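Each residue of the sequence shown is one higher than the one before, starting from 823 at the first, in the numbering used here.
We put the beta carbon where it would ideally sit given N, CA and C, even for glycine.
Since this is a predicted model, take the numbers as computed values, not measurements.
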Amino acid sequence: MRVALLCCVAIVGAFLPTAGPALATDASDFSVCRSARNIYDPGTEAACSRVLDAPDASATDRVMAYAGRARVRAAGEDYDAAIADAAAVIRLAPTAKAYLFIGFYRTLAGDRDDAIADFTKALTIEPTAEGYFLRAGEYAAGGEHRKAIADLNRVIFQVPGEPEPHALRAKSFAALGLYDRAIGDYATLLGLNDRDSVSFAARAAAYLGKGNARSAIADYSAAIDVKPDWTYYAGRAAAYRAGGLLPEALADLIKAVDMHANPATCLALGGAYAASGDATHAAASYQQGLTLASEAVQADPSAETYRDRAQLYRALGQNADAVKDLDESIRLAPSADAYAARGEAHAALGDVADAEIDRGRAAELTAAEVARANAPPDGKLASR
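If you want it as structure tokens, here you go:
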């Protein structure tokens, strides 16, 4: 069994009965509804609905039809309808796989808490690697990293040698600052695939997190040898700067911007130019980044895009504009980073009182994030 197969089709395929219709329900509709090959065909949903409408449909027929129609509706991103059909499956057959089934669709809909509750019900009935893996993904996505690690330990015990649990656990270890443990998981992944550029780059970031610039440079270089991606050049540039190798950092950032100019790479390049004493090129890089950031805000006025543009405004000394963007970022999605950045912008403008308020709020949110990340599994949601 591969945890990589944890997807809608895999769960449904494992759940659906293998027999044909129990009564006189049209066999062709039954076959079409049950087929995993037709999830993007509108006719499949219609076939499932006909099975459900058949007066002689058995409970087994109806379980299959609801499950099959939910799969088709989820493929069409009609998640509410998919969840409703999956709930009908549970009313007819409240099995572990049925709860995995509905929980998976809740993850697609972004209903994290309800998905965790469903996965927990599934694990109460049958503690499978699939259930622990799916729940761990939701814990990690919500920043509950100790809970994610506890579930992933179970997965790795049940299905040793699978890469996905190690990759997810490494991210949670790194998020908790447990860099040596993250590095250990990435070493396992690279032992399974020594051409895994993603794991080289992720391990490099972990090395950089613990202050080992030399090892970070080596791993980013290995990632680039496998795949010359702009993110790896940007990462190696950060490692070069941490190691005091500014010319090498500049060269990598120029390469990264050439490959994929975006607000983050332009900001980093401007900072490297500024550190080298080249104010003209620094200003040009910041201005390029500001233009790109403004385009991003127009296309997607999100908390993140406003925060990114505020960083460019601050680099250019336009702190009043930065405060306006950070006001909007905080309105959309309050975060410790946004409050901290606005505090710095207020301080640069001489607004000492406002700066202190923002720094205090940033500290509060950071403490809450740390507490959430380190919270152990509680009684109702504990790994079983």
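Would you identify the three-state DSSP class for residue i, choosing helix, strand or coil?
i, result
"aspartate 900", "coil"
"glutamate 960", "helix"
"asparagine 860", "helix"
"alanine 915", "coil"
"lysine 1032", "coil"
"proline 949", "coil"
"serine 1124", "coil"
"glycine 1013", "helix"
"leucine 845", "Reliability fails at leucine 845, whose pLDDT of 43 lies under 50, so the model's placement of it is uncertain and the value that follows must be treated cautiously. DSSP places leucine 845 in coil when its eight states are reduced to three."
"aspartate 802", "No answer is possible for residue 802: the residues shown for the chain start at 823 and end at 1206."
"leucine 1000", "coil"
"aspartate 878", "coil"
"alanine 1023", "helix"
"glycine 932", "coil"
"leucine 1138", "coil"
"aspartate 1018", "coil"
"cysteine 829", "At cysteine 829, the pLDDT of 42 sits below 50, so the modelled position is not reliable and the matter cannot be decided from this model."
Since residue i is in the alpha helix (DSSP H), which residue starts that stretch and which ends it?
i, result
"glutamine 980", "967-980"
"histidine 1103", "1101-1121"
"arginine 1036", "1035-1048"
"aspartate 1176", "1174-1196"
"serine 1151", "1141-1154"
"proline 1199", "Per DSSP, proline 1199 belongs to no alpha helix (DSSP H) and is neither H nor E."
"serine 871", "864-875"
"proline 1069", "1068-1081"
"alanine 989", "985-997"
"arginine 1058", "1052-1064"
"alanine 1169", "1158-1170"
"glycine 1092", "1085-1097"
Beta-carbon separation of residue i and residue j under 8 Å?
i, j, result
"tyrosine 1108", "leucine 1089", "yes"
"aspartate 940", "glycine 964", "no"
"alanine 1155", "glutamate 1191", "no"
"glycine 999", "alanine 1023", "no"
"alanine 1163", "alanine 1193", "no"
"methionine 886", "arginine 934", "no"
"alanine 968", "alanine 1197", "Here residue 968 turns out to be arginine, not alanine, going by the sequence shown. Yes, the pair counts as a contact, with Cβ atoms nearer than the cut-off."
"aspartate 1041", "arginine 1017", "no"
"alanine 1096", "aspartate 1074", "no"
"leucine 1014", "proline 1085", "no"
"alanine 1167", "leucine 1148", "yes"
"alanine 1071", "alanine 1035", "no"
"tyrosine 1008", "serine 1021", "yes"
"glycine 1092", "alanine 1137", "yes"
"alanine 910", "tyrosine 927", "no"
"aspartate 902", "arginine 891", "no"
"lysine 1049", "serine 1019", "yes"
"leucine 914", "arginine 884", "yes"
"alanine 937", "threonine 950", "no"
"glycine 1165", "alanine 1189", "no"
"alanine 805", "isoleucine 947", "No statement about residue 805 is possible, as the shown extent of the chain runs from 823 to 1206 and does not include it."
"alanine 1027", "leucine 990", "no"
"glycine 1031", "tyrosine 1001", "yes"
Legend entry - Contact between the region 1102-1116 and the region 1054-1069 (3+ Cβ pairs under 8 Å): By the Cβ criterion, the region 1102-1116 is not in contact with the region 1054-1069, since fewer than three pairs of Cβ atoms, one from each stretch, lie closer than 8 Å.
Inset, instruction - Specify whether the region 1098-1107 and the region 1118-1132 touch according to this definition: at least 3 beta carbon pairs, one from each stretch, less than 8 Å apart. - result: The count of Cβ pairs closer than 8 Å, one atom from the region 1098-1107 and one from the region 1118-1132, stays below three, leaving the stretches out of contact.
Inset, instruction - Flag this pair as touching only if the region 951-960 and the region 973-984 have three or more C-beta atom pairs under 8 Å; answer yes or no. - result: Touching, yes, given that three or more Cβ pairs across the two stretches are closer than 8 Å.
Inset, instruction - Tell me, please, whether the region 897-906 touches the region 873-880 by the rule of three or more beta-carbon pairs shorter than 8 Å. - result: The region 897-906 vs the region 873-880: no contact.
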